[in-house]
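Its first residue numbered 1, the sequence shown is counted upward by one per residue in the working numbering.
Glycine included, every Cβ here is placed at the ideal spot set by N, Cα and C.
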Amino acid sequence: MNRRAFLFLPFAFAGARADAQVHYAEVSPESVPGFPRDHGSHPEFRTEWWYITAWTRDAAGRDMGVQITFFRNRPGVAENGTSRFAPRQLLFAHAAIADPRAARLQHDQRAARAGLGLAEAATATTDVHIGDWSLRLDGNTYRARIPARDFDLDLAFAAQRPPLLQGNRGTSRKGPLAQQASHYYSRPHLAVSGTISMAGSAQDVRGTAWLDHEWSSDYLAADARGWDWVGVNFDDGSSLMAFRIRDSSGGAYWAGGALQDKHGAIRDLRPAEIRFTPLRMWRSSRTGIDYPVAFDVHAGDVDITLEPLMNDQELDSRASVGTIYWEGAVRAFAGGREIGRGYLELTGYGGALKI
């Protein structure tokens with residue numbers, strides 16, 4: 001794809017209006033995700049993503065955070081045309097490394113329309129690529145190959161358990177109306193192995209990761225501004241996903257989450273059981289946006305404090321999905337003791353998020 005076309009893709013993603021005849025599939029609680037089929041893409045829905053976050057450690061004991069995300073968007077334009085060049089499906093990808101030695105994210109991104117050999121998201125299982133960037137599921141192991149501008153990722157993520165269905169059997173509400181929802185499952189405690197290459201040097205790494213796969217046609221209500229989301233792998237083998245969606249005043253518009261104990265038992269969390277209390281703000285010198293990078297989080301009977309691996313984990317994706325947000329590696333503490341690690345995502349702080 002030429003550079004000019006690449007630059008215009010964000011506007012197609014964030015601002016395109018669907019043809020009047022286009023019908024997007026709706027999330028239904030009666031449709032329970034089943035596998036392997038629902039590892040694949042769902043092109044009848046408007047928006048979808050596969051999202052992997054990981055804490056890794058090299059042989060020297062250095063910790064780094066890793067984030068890999070592939071997005072699929074159905075813009076709903078030119079669907080009745082016959083041209084192979086019609087952008088019926090758009091694909092985007094982000095990859096980032098949080099390395100305290102660099103003190104800020106190292107980040108790259110890709111964008112392309114699906115087809116013509118440029119990009120594709122298979123429907124049968126997880127198999128998505130944009131050029132030479134790829135994420136594929138082979139048995140119970142996801143494999144990511146990301147030759148980015150300033151780094152190269154060649155990583156495997158081995159699943160230890162079946163997918164964790166979020167919400168009501170895989171239907172996760174995002175607002176008071178039934179249609180404000182997504183189909184959503186997670187895979188906590190993925191075992192990471194592989195190499196991270198930077199500055200011509202390849203380092204073997206090991207670690208623990210989290211994968212989210214989510215698809216929807218009506219994700220955010222008009223009154224919603226953005227969300228705070230966290231996924232934590234605890235040292236005892238349990239895990240927590242918690243989110244709150246904020247309204248235009250910054251208050252909690254909706255919330256939810258799930259706790260999975262070390263034996264695999266799952267507890268769905270209601271909105272009233274989730275609280276995010278900001279502890280510390282950090283201002284980006286590049287964008288002037290203020291982010292709450294440390295939190296106390298209450299989720300059911302769990303109370304933890306989140307502290308970032310480093311403050312500057314702002315991700316500028318205006319050249320792909322058209323937004324700026326904070327997405328970073330965090331440590332989880334309870335009683336002053338570190339008990340787990342995960343990732344925190346903060347959207348809508350620089351302006352209302354549009355999906």
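| Item | Value |
| --- | --- |
| Test item: CB-CB of Y349 and V330 under 8 Å | no |
| Beta-carbon separation (whole angstroms), A158 vs T141, contact threshold 8 Å | 5 Å |
| Residue nearest to Q180 in terms of C-alpha spacing, selected from D223, A102 and A156 | D223 |
| Alpha-carbon spacing of V192 relative to S284, whole angstroms | 31 Å |
| Own chain, CB closer than 6 Å to D228, minus 5 neighbours either side, in chain order | R244, F276 and L346 |
| One or two residues paired with E314 in a DSSP bridge | W326 |
| Three-way DSSP call (helix, strand, coil) for R37 in this model | helix |
| With 16 other Cβ atoms within 10 Å as the buried cut-off, status of L9 | Unreliable positioning characterises L9 in this predicted model, as indicated by a pLDDT of 40, which lies under 50. The coordinate reading is nonetheless provided below. Answer is buried; the Cβ neighbour count reaches 16. |
| C-alpha distance - A334 paired with G351, whole-angstrom precision | 32 Å |
| Opening and closing residue of the beta strand (DSSP E) in which I304 lies | V302 to P308 |
| Contact check, Y185 vs P33, beta carbons under 8 Å | yes |
| Of the residues A93, P271 and G175, the one placed nearest H298, counting alpha carbons only | P271 |
| DSSP-derived helix/strand/coil call for P29 | coil |
| Inter-stretch contact at 8 Å, needing at least 3 Cβ pairs: the region 195-207 / the region 301-320 | no |
| Exposure of P292, with buried meaning 16 or more beta-carbon neighbours within 10 Å | buried |
| Under the three-state DSSP convention, the category P176 falls into | coil |
| For A222, the three-state DSSP class (helix, strand or coil) | coil |
| L137 vs T126 beta-carbon contact at 8 Å | yes |
| E48, DSSP secondary structure in three states | strand |
| M281, buried or exposed, once every other Cβ within 10 Å from all chains shown has been counted against 16 | exposed |
| Nearest-angstrom Cα separation, counted from A59 out to R267 | 36 Å |
| When R104, A96 and E120 are compared against R149, the one with the closest alpha-carbon | A96 |
| Residue nearest to W326 in terms of C-alpha spacing, selected from L309, R110, G251 and G340 | L309 |
| Buried or exposed (CB count within 10 angstroms, at least 16 for buried), N73 | buried |
| Which of helix, strand or coil DSSP assigns to A93 | strand |
| Buried versus exposed call for E30 [16 or more other C-beta atoms within 10 Å across all chains shown] | exposed |
| Inter-stretch contact (C-beta, 8 Å, three-pair minimum) for the region 160-174 and the region 241-261 | yes |
| Spatial distance of I68 from T195 (CA atoms) | 14 Å |
| Beta-bridge pairing of T69 - partner residues as DSSP gives them | Y51 and H94 |
| Start and end residues, beta strand (DSSP E) containing L344 | R337 to L346 |
| Nearest to Q189 (by Cα), restricted to the options H263, F70, E44 and V27 | Per the sequence shown, residue 189 should be read as His rather than Gln. Considering only alpha carbons, the answer is H263. |
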